[in-house]
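Single-structure report; data block below.
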Amino acid sequence: MRMKELSLRQDPDLRKELAFLARGCDFVLPSRFKKRLQEFHQGQAGAQAKAKAEAPAAPVLSESIPKFYFPRGRPPANLDVDGLISSVEKTFARFPGERATIEDMGQVAKACECPLFWKVPLFNAAGGDRTGSVSVHKFVAMWRKTLQTCHDAAAKFVHLLAKPGCNYLEQEDLFPFLQDVVDTHPGLAFMEEAPDFHTRYITTVTQRIFYTVNRSWTGRITYSELRKSNFLQNVALLDQEDDVNQLTEFFSYHHFYVIYCKFWELDTDHDLYIDERDLARHNDQTISHKMIERIFSGTVTRDRRVHKEGRMSYGDFVWFLISEVDTKTDTSMEYWFRCMDLDGDGVLSMYELEFFYQEQYLKLEARAVDPMPFQDCLCQMLDLVKPEVEGKITLRDLKRCKRSHIFFDTFFNIEKYLNHEQRILSVEREIETEGQEMSDWERFAAEEYKLLVAEEEETDPDQIYEDHLSPPGQHISELGLWTKRHLFEFPTAHCGLDLEEYENDDDYE
Ligand SMILES: [Ca+2]
Ligand SMILES: [Ca+2]
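Oh and the sequence shown: position 319 is 303 in the working numbering, straight run, nothing missing.
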């Protein structure tokens, strides 16, 4: 039993959850933890039974602990490291002085049987970013160690990008990789002339990666989080897909463009920060002031300045917008649950629900809509969510009920609430076909992109031309304007075809 517990503590995910539990973090619910423990024990029992059946004659040594947990992937039975290394050596033999520059790294990545866009991670892990090129010896030493210690793509990717001694990825660890995507992916070649824009695209993609992959909200992507996500499959697809807009999960330029334009509209002075009043203007004041205040309390934002200085950066806005548009994803449900759980006890109490509903009630009255009294609204919501423990709504209840978007919109999103009221039937249909069509986010991004492009086409073409001729190199205060021109400049050259695709292809994903 003691052995079991020790092994359990070696699982970084479980260890983190234990630490959270110890600190009374509202976010790791005991029930969820119990379930994981149970799964873990079952998995362990299964693996042990299997190992026993496969190797009944193996000598049992009192000090040997059977290995059942492989954070860096399960080692393959017949791993031919020398064979893999020799094909890398053959590739290096083609380069002058057997040294590879960054331009050669595509071939090296292929020789390593990795997707093309692993080239910069591979190059940097062998010290290429410091020396400008890598020798065959240095590279082979690095790659041999990687092959011997990391046994699947997730483990290798983290190993290549993480800081020395770290077994997780932080946001900045992804920047060199993403910069290379911007610099060399054919679908982003048009960004070459606007280096200021690179950072914003990279910030957007980084936030989307953490939003989807970093399920623990720690700001550190672990092996297992990466393994459970689709991210590496998307990286591999970058090789084959020239149109990044097809990769809607992380890399889409259109999605970035939509998010950035939404931020731009709110950031009127274009210093790349927005305050509470700016955010409140989002989508015609649809989010309640109480909720905006909660967001600025720092409960769901990474940048400490949000709470301390009352200003939100673009990165945190990406989380807000995606959560606001699509309340059906796990991260979004967690985002809004955290906001609504004022005392952080992991339960939405009647007090907390009433706190948010009060403002919604007044807003409805102001719009001459007859609002439901709180008690009626409460009954309706409890009926919708059906919490396990009467009168106490947990995150687990909301995730299970599949209609948490209606719940959240009722308490702080007036536009969407009214939409639900008007479209009860179509909402029902939506639930039935869930998983078969575009997500709310994808639909929103595609529609907004169309609108933005149409808006730009209406602009007087002569005016655009004059703007482009304005002298470049303005000061920071004017950077926004300069960017805006580029912002609206990019899609025109590319949108024709893409737009047709949106219109003609019903199966667009
Ligand atoms: Ca601002
Ligand atoms: Ca609470």
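Quick reminder that beta carbons are idealized off the backbone N, C-alpha and C, glycines included.
Check, Outcome
"Can you name, in chain order, every residue of its own chain whose Cβ lies under 7 Å from the Cβ of I369, other than the five neighbours on each side?", "One point to set straight first is that residue 369 is Val, not Ile, in the sequence displayed. Excluding positions up to five away in sequence, the list reads I377, D381, L382, C385, F391."
"Taking the alpha helix (DSSP H) that A110 falls in, what are its first and last residues?", "Note, A110: premise wrong, no alpha helix (DSSP H); not H, not E."
"Does ligand 1 have even one heavy atom less than 7 Å from the beta-carbon of Y257?", "yes"
"Less than 8 Å between the beta carbons of E308 and I276, yes or no?", "no"
"Under a Cβ-count criterion, where at least 16 other Cβ atoms within 10 Å of its own Cβ denotes burial, should S200 be classed as buried or exposed?", "buried"
"Looking at the unbroken alpha helix (DSSP H) that takes in A264, where does it start and where does it end?", "260 to 264"
"Put S388 into one of helix, strand or coil per three-state DSSP.", "helix"
"Taking the alpha helix (DSSP H) that T190 belongs to, which residues open and close that run?", "179 to 197"
"Quick check on the DSSP output: the beta strand (DSSP E) that includes R83 runs from which residue to which?", "83 to 85"
"Determine the direct distance from the alpha carbon of A430 to that of F532, and round the result to whole angstroms.", "Residue coverage of the chain in this structure runs from -15 to 493, which leaves residue 532 outside it and unanswerable."
"With a threshold of 7 Å, establish whether the CB of D360 neighbours any heavy atom of ligand 2.", "no"
"Suppose you measure from the CA of W466 to the CA of Q163; what does that come to, to the nearest Å?", "Low local confidence applies: a pLDDT of 35 at W466 is under 50, so the model's placement there is unreliable, and no value is given."
"Alpha carbon to alpha carbon, how far is E176 from H169?", "11 Å"
"So the candidates are Q342, Y433, E442, S423; which of them puts its Cα closest to the Cα of F396?", "Q342"
"What residues in its chain sit with their C-beta under 7 Å from that of Q191, if we drop five residues either side in the sequence?", "G299, V302, W303"
"How would you label Q344, buried or exposed, when you count the other beta carbons within 10 angstroms and need 16 or more for buried?", "buried"
"Indicate, with yes or no, if ligand 1 has a heavy atom lying under 7 Å from the CB of D253.", "yes"
"Who are the near neighbours of Y207 in its chain, counting only those whose CB is closer than 6 Å to its CB and skipping five residues on each side?", "P55, A138, A139, V142"
"Within 10 Å of its beta-carbon, does S316 have 16 or more other beta-carbons around it, so buried, or fewer, so exposed?", "buried"
"Could you check if D262 belongs to the surroundings of ligand 4, using beta carbon to heavy atom distance under 7 Å?", "Ligands displayed in this structure: ligand 1 and ligand 2; ligand 4 is not among them."
"Taking the Cβ atom as the reference point for each residue, do I69 and R128 lie within a distance shorter than 8 Å?", "yes"
"Could you tell me the alpha carbon to alpha carbon distance between M356 and A220, rounded to whole angstroms?", "51 Å"
"May I ask which residues mark the beginning and end of the beta strand (DSSP E) holding S117?", "117 to 119"
"Compute the minimum distance between the beta carbon of E336 and the heavy atoms of ligand 2, and state whether it is under 7 Å.", "yes"
"So, with DSSP's three-state summary, where would you put L481?", "Interpretation of L481 is limited by its pLDDT of 30, a score under 50 that renders its predicted location unreliable; the figure taken from the coordinates is listed afterwards. Here L481 sits in helix by DSSP."
"Would you say D325 touches ligand 2, meaning its beta carbon is less than 7 Å from a heavy atom?", "yes"
"So is G171 buried or exposed if we call it buried at 16+ other beta carbons inside 10 Å?", "buried"
"With a cut-off of 8 Å, do at least 3 Cβ pairs link the stretch 100 to 108 to the stretch 213 to 231?", "yes"
"Cβ-heavy atom distance between D381 and ligand 2 below 7 Å?", "no"
"Are there 16 or more other CB atoms within 10 angstroms of the CB of N214, so buried, or fewer, so exposed?", "exposed"
"From which residue to which residue does the alpha helix (DSSP H) around S71 run?", "65 to 77"
"Please report how far the alpha carbon of G203 lies from the alpha carbon of L144, in whole angstroms.", "18 Å"
"Less than 8 Å between the CB atoms is what I'm expecting for E336 and L346, so what's the real figure, rounded?", "Not really, about 17 Å apart at Cβ, beyond 8 Å."
"Any heavy atom of ligand 2 within a distance shorter than 7 Å of the CB on V331?", "yes"
"Sorted by chain position, which residues of the same chain lie with C-beta nearer than 6 Å to D226's C-beta, five sequence neighbours on each side aside?", "P170, G171"
"Buried or exposed for N403, going by 16 or more other Cβ atoms inside 10 Å?", "exposed"
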